[in-house]
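Step one of this worksheet: look at the structure below.
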Amino acid sequence: MVASGGAFRLEHIVSRGAASPDGFWYDQENPEWVALVRGAAVLEFPSGRLALRAGDCLLIPAHREHRVAETSADAVWIAAHFAADTGGRSA
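Residues in the sequence shown are numbered from 2 upward in steps of one, following this note's numbering.
Now the structure itself:
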């Protein structure tokens with residue numbers, strides 16, 4: 002974790018080729034904004050997969066099931082978790 006306070010948490014994640022365990026889905030209470038800083042990754046949602054490369058970012062709404070399907074050995078992320086009422090916007 003890089004920083005936290007109140008309803009906010011900022012994480013620096015080094016994936017090293019890791020993925021979510023088979024059958025595991027995140028279902029988080031708060032929105033999460035993620036940016037892939039380096040490498041490549043694939044996020045999976047019940048509706049399909051989303052390939053990401055360095056520079057891509059997205060906002061995952063609260064309770065949107067998702068998992069990390071694949072990451073490259075050099076994948077590095079920044080993730081911000083925050084309460085839905087802090088003004089975050091979904092694209």
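From the three backbone atoms N, C-alpha and C, an ideal C-beta is built for every residue, glycine too.
On a predicted model such as this, the values are computed, not experimentally measured, just so you know.
So what's residue i in DSSP terms, helix, strand or just coil?
i	result
Ala20	coil
Gly7	coil
I'd like the span of the beta strand (DSSP E) that includes residue i, first residue to last.
i	result
Trp34	33-39
Glu30	Element bounds for Glu30: n/a, residue is neither H nor E.
Ala55	That residue, Ala55, is in no beta strand (DSSP E); it is neither H nor E in DSSP.
Arg65	Where Arg65 is concerned, there is no enclosing beta strand (DSSP E), given that its DSSP letter is neither H nor E.
Ala81	77-83
Below 7 Å between beta carbons: does that hold for residue i and residue j?
i	j	result
Leu44	His67	yes
Gly84	Ala8	Residue 84 is actually Ala in this sequence, not Gly. Closer than 7 Å, so yes.
Ala41	Arg54	yes
Leaving aside the five residues before and after residue i along the sequence, list all residues of the same chain whose C-beta is less than 6 Å from its C-beta, in chain order.
i	result
Ala52	Val43
How would you call residue i, buried or exposed, if buried means at least 16 neighbouring beta carbons within 10 angstroms?
i	result
Ala19	exposed
Pro32	buried
For residue i, I'd like the list of residues in its chain whose CB is within less than 8 Å of its CB, leaving aside the five on either flank, ordered along the chain.
i	result
Val69	Ser16, Ala19, Ala20, Ser21, Ala42, Val43, Leu44, Glu45
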